[in-house]
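In our numbering, the protein residues as written are 5 to 454.
Have a look at the structure below, then the notes.
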Ligand SMILES: Cc1ncc(COP(=O)(O)O)c(C=O)c1O
């Protein structure tokens, strides 16, 4: 069982000595950040420690990835000892035991039938790999015209050209509008505030939105469509929970037309919904699952794709000396990443963290829905240990209100995520009721004052 230790970090004066200029921060207003930087100096379990001695309760598992809490001994020690033993081994034609063990451990907790793992270094690379596997699979099976990819509005699939093209977050796409992949269609998103605001868990209405896939099939003909990719719960768009029956309906339509179904579980994987994968929670098995983040508890960058045996087998044809898939990364199955993954998966199992997440989620649900009625709160959505609180934007000042809430929470020592006009909460699975209360009460205060 997980037991919390206490750890204090001595404030240092890092802020005064670090040169902030050369670094270009991702997905961050750089100039604003550099005028009021927030520098993290350390972390343990549920907390971050800043360079000026602040202890911050982590309400978002780092960035939806530190599911077992920070700086966990088993994981840290595994990385340290691996670094001494084997720093790197080439990923092409040579491999190492840790990579096979990690693939086996991931396949063991994946839905039945998904039993082969391709490693990448991030979720974005995982998504692009899955899209390439889908197109390659159809070509090998003699359906080389199946090229079209179907994504969904408001979805986030990383920042590669593939993921950006099937993704549906407008600010991420608009600068590259003419450079996106051709042959991509989008399903409508499932957010329906008018009918489903403040639903606890899955909305009852909205299943029919999955039928749009039939319309896309009618338009292009199924023989031209390779795959549909969706996040089972859209995270970055502010936690959009699938309507009851929606994912099953997508599966049925894909089966009917020979289209591959890909679940992007970069956020929903590794216990976030009370099971290893949301696929198991919603009882819908895709053909591929993209994972990243929680696989190493955020410690070493890693991602990948879990594929059905049938897909792997399709590639394993032709002469044995021939490379079956011209794709991969220098760091696919990196020795430190796989050591971290093996120790992380052991930690999840030994501490029963997926079950713990399931047990805590009704408490979390009640706590977050207690924010209903606060000024400017227009919707609250939740599932498992994920929730999105949607706020009314300030007129002509998009994102200002949520950024203000983020800052106010940070001042009060709680880290939340401003995702567009939503505040997202995704606490580590080791959180307890007291942590949830503190996160939600701090947020209550911040929203009331924003
Ligand atoms: C659903 C989903 N897919 C893909 C990604 C991209 O992952 P990465 O940032 O590791 O490239 C993310 C990142 O948040 C994500 O939430």
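By construction, the Cβ of each residue, glycine as well, lies at the ideal position given by its N, Cα and C atoms.
Quick caveat: nothing in here was measured; it's all calculated off a predicted structure.
- Annotation: the continuous beta strand (DSSP E) that includes residue 264 extends over 264-268.
- For residue 122, the enclosing beta strand (DSSP E) stretches over residues 118-124.
- Rounded to the nearest angstrom, the gap between the Cα atoms of residue 340 and residue 125 is 11 Å.
- Going by C-alpha positions, residue 155 is about 22 Å away from residue 385.
- In this structure, residue 64 places its C-beta atom within 7 Å of the C-beta atom of residue 430.
- Not one heavy atom of ligand 1 sits closer than 6 Å to the Cβ of residue 188.
- Under the three-state reduction of DSSP, residue 59 is assigned to strand.
- Taken in chain order, the complete alpha helix (DSSP H) segments of 4 or more residues contained in the region 306-381 are 313-319, 339-354, 357-373.
- Residue 49 and residue 61 have their C-alpha atoms spaced approximately 9 Å apart.
- Setting aside the 5 residues that flank it on each side, residue 264 is surrounded in the same chain by 138, 231, 291, each with a C-beta closer than 6 Å to its C-beta; the list follows chain order.
- Judged by their CB atoms, residue 123 and residue 361 are not nearer to each other than the 7 Å cut-off.
- In this structure, DSSP gives residue 174 a helical state, which the three-state scheme calls helix.
- Residue 114 has its CB no nearer than 6 Å to any heavy atom of ligand 1.
- Between residue 285 and residue 247, the gap from beta carbon to beta carbon reaches 7 Å or more.
- Of the candidates 317, 270, 314, 270 places its Cα closest to the Cα of residue 305.
- Collapsing the DSSP output to three states places residue 91 in coil.
- Its chain contains 384, 386, 391, 393, 429, 444 as the residues whose beta carbon lies nearer than 8 Å to that of residue 372, once the 5 sequence neighbours on both sides are disregarded; these appear in chain order.
- Nearest in C-alpha terms to residue 295, of all of 121, 303, 376, is 121.
- Under the three-state reduction of DSSP, residue 199 is assigned to helix.
- Remark: C-beta atoms of residue 275 and residue 71 approach each other more closely than 7 Å.
- If you draw a straight line from the Cα of residue 226 to the Cα of residue 262, it comes to about 7 Å.
- When only Cα atoms are considered, residue 267 and residue 115 end up about 12 Å apart.
- Within its own chain, the residues whose Cβ lies closer than 6 Å to the Cβ of residue 315, once the five positions on either side in sequence are excluded, are 141, listed in chain order.
- DSSP, reduced to helix, strand and coil, places residue 158 outside both helices and strands of the structure shown, so it counts as coil.
- Residue 43 is a Cβ neighbour of residue 55, given a cutoff of 7 Å.
- Residue side-chain check: residue 126 places its Cβ nearer than 6 Å to a non-hydrogen atom of ligand 1.
- For residue 390, DSSP records a beta bridge to 387.
- The beta-carbon distance between residue 424 and residue 242, rounded to whole angstroms, is 6 Å. This is short enough to meet the 8 Å contact definition.
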